[in-house]
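The block underneath contains the structure these notes are about, expressed in structure tokens.
Protein chains in written order, with this note's numbering: chain Z, 1 to 545; chain H, 546 to 860; chain A, 861 to 1488; chain R, 1489 to 1820.
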């Protein structure tokens, strides 16, 4: 697919969008020129060509942001349940709006390393049981009031207590917050956690003004934040409009105005981008990628991420309690074809554990990819004595159903009867997932491999979605949380990933890229993989050329 | 006549009440409640229980139904289970949107369809009639979303004449507003008119068999007057009825158009409400839809009574 | 040159495969200015089709395929459509059979009456309205000033029929086409409508084509008669010649079917040997109506305190105008409408009021024959099934036995066995009525309740059905309750006549006695209204009857007093409208309900005659004035 | 029998004598249903689709769920050598098709869909699903609607009132909304789709059947049956239903079209027939993304829907809409 990108000075040559973004991401992450050149070579380019590309990419990144203009962004989902209190954020529209309106203590860069935001300095003690956050003193809320530790204490308190409706309650369950001074707070942990700062980069931990949640819930004004844009209009399920915060505590955002409104229908969303009625859209349907790529003035932004689709076989009941059945099923996935046909290349092959390259150093690259071997599968399935099963599926992520159907076809080729029962997504999480013997799941990427494994694979995790209870895995996880030595951590991670790959009932055929679309004149969208359009970090950093 | 109208109004209220029961208990059999849906994948038992308590979902369905019925009768629509906004605030804006879109479509399509329907009936069997008959039949027989998508591809994506979504930031001038809504208006006018043209034509032709039409021909009455004076006045009841049904559809049935054009209307809101198990919201929307239907048909009935001298002036 | 010349007119329908079916097969006749030409024939003779040709119009599905229709020498059939349109309503005007259907229910009468003249630019709206009001007066319509602003449903059928004449005449057409304009009316109403037509036609000096199947009517109004059969002219000539000296067989047959004037002695009054002692069915003190019943009084009372006995093997004729409750009486007897008070006795046994409560054998014994065979036979069942069902239902016959009985029934009503495999739509009106009768006879009933079974039929067909009924009565010994508004039919057939007026029996008794004086005033009105096949009858009758009874008034049902009060020429003000008249006996079983003694009634008749003679003179003067 | 009066006797004599003047039939024989040429064409199209619905899976080159090519939206004429041996073609230009597919084993007559399945095969398979579901749903809708509607018309009173109110209530709610609720509650399987569509459309049938029933119930032949002492069952099945059949049949055609469109609309919202089962409505929907760059993958099933529904409409129009037209043509 040859396509020249007109609106930038970068000549990427014959590169796919994914490669292009990988390169840019690598460079932004601080990869050396040599490393970047190696990456290029790996995609089959000559050294000379690669050199030229890397040079122009570097230049593009160095380009100075332009201030001004307005931008319209369309995520995929909204509704009357759109939240403005961060603890209740559940969707990308909430996250994006939150990024406009609030700040966090820390922000995550493209490599998922926590950086100072409202916390000027932060750090943990040696065994990672106590974290200290020193706050900025020059920050004001949109209403002009001063930001200090009380606001942090208030915000954190939202995640505790029986009546808390926070959706990330469990992530910070063992953490106690203490105000140390007007501009300093401490987090005291029950068990060590070297990733706490990274964790606080999650979108639900945005800081709001003391007392504003109660005021809002009792029918008062919207909660106030310190973010780059002030909220001008917010109508749940309709739109929100944000205008530049002139008193922002740092250099500040580039757009004068940001409008966010969801377009639920995927075709309509892409059409809106194509007709330039919006500047950015989240989650481009894989089917439509070709169409966007072949249209002038718009482009795809694809970031490799650790998000995955999975088929869960519950190990605590029939037929998942039969190891041969599980083994056989894992052998029936043409992972490369799922990536190519269903995800249209916008993804990476999965290896039945939730970690991939996107997690950086924690990924265990040595572990061989699960084979596609129908003969072996047939052998194991016959051995198991199981002749049929029913998979309850929902389109929890684009392509999920198609992947299950491909699985079904492979099963039928070797004479195994896999029934597929598709249910609507809205009731699925309560009635399908973790309830039925064989079901499907999708997880978004988490900030660290440890967090990801902790949420969905720990023996004690409430969301251990194949009921896989491995004590060794649990011990390793505790070790990993406390471990600060990178090499040792990698070793532990590798063992955990191997255990999950071999033992859990989870089939992860593929990880999905985050695939969004935007007008080609929108520059500077970060490459953080934790969510759409650079982990929803674009509002403060993107600009219109 | 008053008695007839009064009876119709009573029947309307009965219908509304039955709808409220059907919808309320229909929803209560759905898997997952508002809390479970809101928390989704992130649900734990404690967080579910907390949210349920906050939303008042821990009480039995019938208790909540009667509570709702009581509040409803005082005009209090309640509070959304999802997000916590008042239903009135959620609905108000969208109802306005829906009525704006429906209103402008009605203003265009009703006169247009009646005119074309009458024209087709006036010249039956001519090319005009055949073209209208076949054209409207084809439009009626093709899924709405296909018509919408085609028109978007042509007018928005290729020609870029009109926006592909009906999005308004607020503060538009009238023409900006019309421009922003051009696509949904176009699609709805096409869809709704096709139906109404057909029914107008059929309604007229239906009375064209009557001896009094033959008498009019034998009196040398010109065709225009036969249609407009002799036939239309007798067919007006069914025609108004079809118009009323289509107007009701414009309020409640345009979910596909709202989806395609990302237009914040009531139908889409109700769908979202079902998906988030937001019972008070769905209930309120259902009441509005049913109420619209009942009121429009009541108006159609009254119009039919008024247009019928037999009912208007009893012997 | 005649006003209208029809020459070798041919009209065809087309079958599905395109083969033509000739409907009118080369008809020629002419209408001179000021002349009334009657087209007479049965349904299917093409008479309406021919009459419409004079408006250059055919019913959909028919087409002109030969001949000429010239008005003032100009061929209408080849005229441009726009000129044809100008012709209609302006030069040629049409009066349809059923005014109730041909008046547009949504438009005021005034607008409809004046529409044509205004549209054709003959008159301005004011002139047209004025002329319409003049016509209302001429047609003796009530309340002419305000009639125009009323809607068709607000006036009676007879008035509508006259309004139709106003509608036709308002544009002063050269030619009027009247298509069976009185067929759907009661005899009493027919007279006044006929009279009005005749008067205005003469006044306006228009020529007219009068389409009908009723020779007696023709004799009153036409100058010239064209007899049609199957789209061909059988005979034509001046009215005297055709009436008094018919030369063609078919014409004679038409004449034979004309209802005779009801007179004493017209019925066959021999004893049929069935014994007269016991009543087969009797109605005792019946009060019935519609709506909820409170204390034996329905919300809307139709019948009040009716006592009628039908003796075994007898035919009891029930007559009266529409709305008098004749059909209701039959429905009460059949149990279709449970009575509010009183009882129905069958062979000495009191029946339950509602048929749901009667047992199958009781139902079998009383059979109801509906008026319209068209609607009374299920169009989706074979004749064999229509007849077979009651055979099976009542007699329990199945298979071959059932089939045999069905064929027997067909034979009984003089239809060929092959009809068992036909659908009702494939039968003619008379044949359908025979099937209707056969179905009622299927279960060997005791009593047949015949509701206006000949009213919807042409005169010839009707006469044949009556003949069939007579035969059946003799063969089967079934008792008949024969309901009709037509006294001559009843008189020729019934052993006993019951005259109903406004839900009460005003007179009943053996046919001969009822048809001979003393008459109840209402009976007299009915008798004199039956047209006679004689030129000049209409004028004669009008002279005698005009003062005798206010015939323009409709039937009004009253709770107290004599219901006929407002139409009765000998009403006693202060008594008749307040007190229920006593029943006076006159000989064997002849009852008359009247405040006058029977002598008074007879005497008053003589008186009226006298009064009438004076009136007659006035009419004659009036007529000569018009002629002058 | 002795006849003393003159006239009836005379009549009898004359009738006997003149046989040639038989009673004339009332009117020209009733016309049977006759289709115009458009109606005949439409009937042929409907018949063809019905045949396809029966034999589609056998004549289709591939299984509806077979992934033939890796490339989505391959234009008509694209090919695959063998199922798993795939070409790696960058763009399916006409040249590429000529080059690769001139002697290929397997040609995709109408191209591939968004997952690289054979559109042609899916249309053939989909005929069964689409027509089958709609037909069965309409049939059930008729069964329910007629039973309840005629039942209400015949029983009247309290039963009629309750049935009518409930019916009106369902009718007053948008059908998509009802479909959504039911499908959300019970999932989207074919039986549930059929049940949902039939309940929703039974409401309209109820109205029609009730009105027809009320009309027919006051007809004389029904009263005749009633007077004979027939039970309700006989009256409904033998007297009322056969006479309601024709208007109901024409309405059946229209209702079938509505059901097809309804199920397509549900598919549009992702609630209709579930993959991999091919259904025309879902096929239009799932391939819509291809429209933007000239793929016909969603046009073909749309044409299939259109030809079927328009044809049914044409037939219905041909049968019923003639009323009034003939007299109207006489207007000047």
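For every residue, glycine included, the Cβ atom is placed at its ideal position computed from N, Cα and C.
{"Item": "Whole-angstrom distance between residue 569 of chain H and residue 822 of chain H, CA atom to CA atom", "Value": "11 Å"}
{"Item": "Where the beta strand (DSSP E) containing residue 1227 of chain A begins and where it ends", "Value": "1226 to 1229"}
{"Item": "Segment limits, beta strand (DSSP E) that includes residue 824 of chain A", "Value": "Nothing can be reported for residue 824 of chain A: it is not among the residues displayed for chain A, which extend from 861 to 1488."}
{"Item": "Simplified DSSP assignment, three categories, for residue 1435 of chain A", "Value": "coil"}
{"Item": "Buried versus exposed, by CB contacts within 10 Å (16 or more), residue 1070 of chain A", "Value": "buried"}
{"Item": "Through-space distance from residue 354 of chain Z to residue 453 of chain Z, alpha-carbon basis", "Value": "7 Å"}
{"Item": "Through-space distance from residue 711 of chain H to residue 295 of chain Z, alpha-carbon basis", "Value": "22 Å"}
{"Item": "Chain H residues whose Cβ lies nearer than 7 Å to that of residue 1677 of chain R", "Value": "The contacting residues do not exist; residue 1677 of chain R stays about 15 Å from chain H at best."}
{"Item": "Proximal residues of chain Z, C-beta to C-beta of residue 697 of chain H below 7 Å", "Value": "271"}
{"Item": "Simplified DSSP state of residue 547 of chain Z, which is helix, strand or coil", "Value": "Residue 547 of chain Z is absent from the structure shown; chain Z starts at 1 and stops at 545."}
{"Item": "Within chain R, partners of residue 1235 of chain A - CB distance below 7 Å", "Value": "1707, 1708, 1709"}
{"Item": "Every unbroken alpha helix (DSSP H) inside the stretch 1126 to 1199 of chain A [4 residues or more]", "Value": "1186 to 1194"}
{"Item": "The ligand GDP heavy atom lying under 7 Å from the CB of residue 566 of chain H", "Value": "Of ligands this structure carries none, so the ligand GDP is not represented either."}
{"Item": "Chain Z contact residues for residue 666 of chain H, given Cβ-Cβ distances below 8 Å", "Value": "Here the premise fails: no neighbours, minimum Cβ distance about 38 Å."}
{"Item": "Contained alpha helix (DSSP H) runs [length at least 4] in the stretch 246 to 314 of chain Z, N- to C-terminal order", "Value": "266 to 274, 289 to 293"}
{"Item": "Reduced DSSP category for residue 1700 of chain R - H, G, I as helix; E, B as strand; rest coil", "Value": "helix"}
{"Item": "Chain H within 8 Å of residue 104 of chain Z, Cβ atoms only", "Value": "no"}
{"Item": "Euclidean distance between Cα positions of residue 1612 of chain R and residue 418 of chain Z", "Value": "24 Å"}
{"Item": "Whole-angstrom C-beta distance between residue 1190 of chain A and residue 1343 of chain A, which should lie under 8 Å", "Value": "6 Å"}
{"Item": "Chain-ordered neighbours of residue 1801 of chain R on chain H, where CB pairs are closer than 8 Å", "Value": "682, 685, 686"}
{"Item": "Residues near residue 254 of chain Z by beta carbon distance below 6 Å, same chain, minus five either side", "Value": "65, 67, 543"}
{"Item": "Simplified DSSP state of residue 1570 of chain R, which is helix, strand or coil", "Value": "A caution first: residue 1570 of chain R carries a pLDDT of 42, below 50, which makes its placement in the model unreliable, though a value can still be read off. The answer is strand: DSSP assigns residue 1570 of chain R an E or B state."}
{"Item": "Interface residues of the stretch 1772 to 1783 of chain R facing chain A [CB-CB below 8 Å]", "Value": "none"}
{"Item": "Identified DSSP bridge partners for residue 523 of chain Z", "Value": "Z/543"}
{"Item": "Residue from Z/344, Z/458, Z/507 with nearest C-alpha to residue 440 of chain Z", "Value": "Z/507"}
{"Item": "Chain R contact for residue 745 of chain H (CB, 8 Å cutoff)", "Value": "no"}
{"Item": "Short CB-CB distance (under 8 Å) between residue 786 of chain H and chain A", "Value": "no"}
{"Item": "As assigned by DSSP and simplified to three states, the class of residue 633 of chain H", "Value": "helix"}
{"Item": "Within the stretch 367 to 405 of chain Z, ranges of the beta strand (DSSP E) (whole runs, at least 3 residues)", "Value": "388 to 393"}
{"Item": "Three-state class that DSSP yields for residue 340 of chain Z in the structure shown", "Value": "helix"}
{"Item": "Min CB distance residue 1602 of chain R to chain Z below 8 Å", "Value": "yes"}
{"Item": "Residue-chain proximity (residue 1672 of chain R, chain H), Cβ-Cβ < 8 Å", "Value": "yes"}
{"Item": "Nearest residue (CA-CA) to residue 1620 of chain R, options R/1679, R/1803, R/1648, R/1645", "Value": "R/1679"}
{"Item": "Own chain partners of residue 70 of chain Z with C-beta closer than 8 Å, once the 5 adjacent residues on each side are dropped", "Value": "255, 256, 257, 258, 259"}
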